[in-house]
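Everything on this sheet refers to the single structure shown next.
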Ligand code: ADP
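Numbering (the working numbering), first residue to last: 1200 to 1597.
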């Protein structure tokens, strides 16, 4: 079955058409600047050159229309007609406590997603705009919601509760939810396959290190803890997000910088992380690595602090699981930076881990990077959230 995977943001829309039988990508693309001047759609049919078109997209309905046009174009399209698309899988950021797995979208599901939208006010409404635009353009085609939070819903209370008055959990559901769940699920399962061991028998730590970064502890096939919280701001130091911070810093900085709460939150989300730590050098690890080679002190401090935070979480999660069998690195930085992996793994000798430096020299492909006698198997496992969404979608609509 051909499945359209949609990841819809407030002004952008990523799409992939995946054949779920062969698991191959037939085409993929991106609509940018939806609702803004200078809208652009790019589309890459498999094995062919990228096509870029500047076309006004006043809203998401127009964007979906253009996606369908691109997919069905007689010359450069990848399907003969819309009828070939069997289902649509939508990435939905926040499922709250209502969704513990992917579901077929109906009116009740849409209502439930709306009900948790105050937990992800930037994401969920945008995701739903994508759902509605697809429903309008492709009536009768089954649609599935795949949630970033669902995989983490198995966390026990001790891991998801904050040290706050319990009434805030009862009244507002303030708790740790965690994100990147589709990636953590996909990578931890794939790691078990690579290791040739049953998923349900393993203790795995997944380090999803991209522009957004999070880490999870997966024990016997279930997530038992993860670093992102009520929102994606908690946990690791990220591209521009601060990660863990003393909450009192907010009030202190608001006073010093004469900013309101919103202004300080903007600093924490958009101007912090390795970008802020490096002295605004860059949020991109390619630039930071170049800076590191040139001895740029900002780059050194940002990369060291980033790696140290990951190291601390690995220690915490090994403790939480009473051991660890597999550590995986994934996402942009985790898949492509031997330097970051080396900095982290070389400090895990206390777990009986030995890095194989030659094997670690790998970019974006599956590889075991620890030595055969290492007590814990360390791997690079490229993530594939679109494929995971397509798999869930195919399984549900069959
Ligand atoms: P997200 O999906 O959160 O936007 P990605 O997982 O795509 O992020 O990761 C993007 C980041 O990956 C970039 O900002 C960059 O820091 C890092 N990255 C990509 N390629 C490389 C590379 N070759 N070497 C080091 N870092 C890289």
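Where is the CB? At the ideal position from N, CA and C, for every residue including glycine.
Cα-Cα separation between residue i and residue j, rounded to whole angstroms
i, j, result
"residue 1273", "residue 1554", "51 Å"
"residue 1404", "residue 1524", "8 Å"
"residue 1252", "residue 1508", "42 Å"
"residue 1502", "residue 1413", "16 Å"
"residue 1362", "residue 1353", "19 Å"
"residue 1479", "residue 1533", "22 Å"
"residue 1577", "residue 1262", "41 Å"
"residue 1541", "residue 1579", "12 Å"
"residue 1589", "residue 1204", "6 Å"
"residue 1321", "residue 1570", "43 Å"
"residue 1349", "residue 1300", "5 Å"
"residue 1516", "residue 1444", "19 Å"
"residue 1407", "residue 1268", "34 Å"
"residue 1604", "residue 1372", "The question about residue 1604 has no answer, for the chain in this structure spans 1200 to 1597."
"residue 1334", "residue 1464", "35 Å"
"residue 1211", "residue 1551", "45 Å"
"residue 1256", "residue 1329", "13 Å"
"residue 1504", "residue 1286", "43 Å"
"residue 1380", "residue 1293", "10 Å"
"residue 1275", "residue 1225", "11 Å"
"residue 1378", "residue 1313", "18 Å"
"residue 1173", "residue 1259", "This structure gives no information on residue 1173, because the portion of the chain shown stretches from 1200 to 1597."
"residue 1311", "residue 1582", "28 Å"
"residue 1221", "residue 1245", "14 Å"
"residue 1528", "residue 1340", "36 Å"
"residue 1522", "residue 1514", "9 Å"
"residue 1457", "residue 1470", "17 Å"
"residue 1343", "residue 1494", "49 Å"
"residue 1219", "residue 1594", "9 Å"
Residues that residue i bridges to, as DSSP identifies them
i, result
"residue 1526", "1404 and 1577"
"residue 1425", "1415"
"residue 1342", "1287"
"residue 1253", "1239"
"residue 1223", "1218"
"residue 1230", "1212 and 1240"
"residue 1566", "1579"
"residue 1554", "1569"
"residue 1147", "Since the first and last residues shown for the chain are 1200 and 1597, residue 1147 lies out of range."
Which listed residue (the options) has its alpha carbon closest to that of residue i
i, options, result
"residue 1247", "1227, 1411, 1522 and 1431", "1227"
"residue 1290", "1222, 1354, 1202 and 1372", "1202"
"residue 1388", "1513, 1327, 1420 and 1368", "1420"
"residue 1684", "1439, 1390 and 1468", "Since the first residue of the chain shown is 1200 and the last is 1597, residue 1684 is not available in this structure."
"residue 1239", "1219, 1585 and 1254", "1254"
"residue 1573", "1213, 1283, 1548 and 1557", "1548"
"residue 1417", "1409, 1386 and 1430", "1386"
"residue 1383", "1591, 1587 and 1592", "1587"
"residue 1213", "1232, 1284 and 1377", "1232"
"residue 1584", "1200, 1209 and 1216", "1216"
"residue 1426", "1519, 1342 and 1594", "1519"
"residue 1531", "1562, 1596, 1313 and 1409", "1409"
"residue 1511", "1521, 1528 and 1543", "1543"
"residue 1506", "1484, 1493, 1489 and 1375", "1484"
"residue 1242", "1535, 1526 and 1265", "1265"
"residue 1284", "1411, 1453 and 1270", "1270"
"residue 1592", "1316, 1528 and 1345", "1345"
"residue 1351", "1317, 1209, 1295 and 1392", "1295"
"residue 1347", "1529, 1323 and 1528", "1323"
"residue 1331", "1304, 1356 and 1422", "1304"
Start-to-end residues for the beta strand (DSSP E) that takes in residue i
i, result
"residue 1244", "1239 to 1244"
For residue i, the first and last residue of its enclosing alpha helix (DSSP H)
i, result
"residue 1493", "Where residue 1493 is concerned, there is no enclosing alpha helix (DSSP H), given that its DSSP letter is neither H nor E."
"residue 1387", "1380 to 1394"
"residue 1201", "Here residue 1201 belongs to no alpha helix (DSSP H); instead the beta strand (DSSP E) covers 1201 to 1207."
"residue 1259", "1259 to 1271"
"residue 1588", "1584 to 1596"
"residue 1464", "1460 to 1469"
"residue 1446", "Segment: none, residue 1446 is in no alpha helix (DSSP H) and carries neither H nor E."
"residue 1371", "1365 to 1371"
"residue 1361", "First-last for residue 1361: undefined, no H or E at that position."
"residue 1298", "Premise fails: residue 1298 is in no alpha helix (DSSP H) and is neither H nor E."
"residue 1410", "From DSSP, residue 1410 is part of no alpha helix (DSSP H); its letter is neither H nor E."
"residue 1399", "That residue, residue 1399, is in no alpha helix (DSSP H); it is neither H nor E in DSSP."
Query raised in the report: For the 8 Å Cβ check, are there 3 or more pairs between the segment 1389 to 1404 and the segment 1434 to 1446?
Result: Fewer than three Cβ pairs drawn from the segment 1389 to 1404 and the segment 1434 to 1446 lie within less than 8 Å of each other, which leaves the two stretches out of contact.
Query raised in the report: Using 8 Å as the Cβ pair cut-off and three pairs as the minimum, do the segment 1484 to 1503 and the segment 1377 to 1397 touch?
Result: Taking 8 Å as the limit for Cβ pairs, the verdict is that the segment 1377 to 1397 does not touch the segment 1484 to 1503.
Query - Stretch pair the segment 1554 to 1563 + the segment 1415 to 1435: three plus CB contacts closer than 8 Å - result: Short answer: they don't touch.
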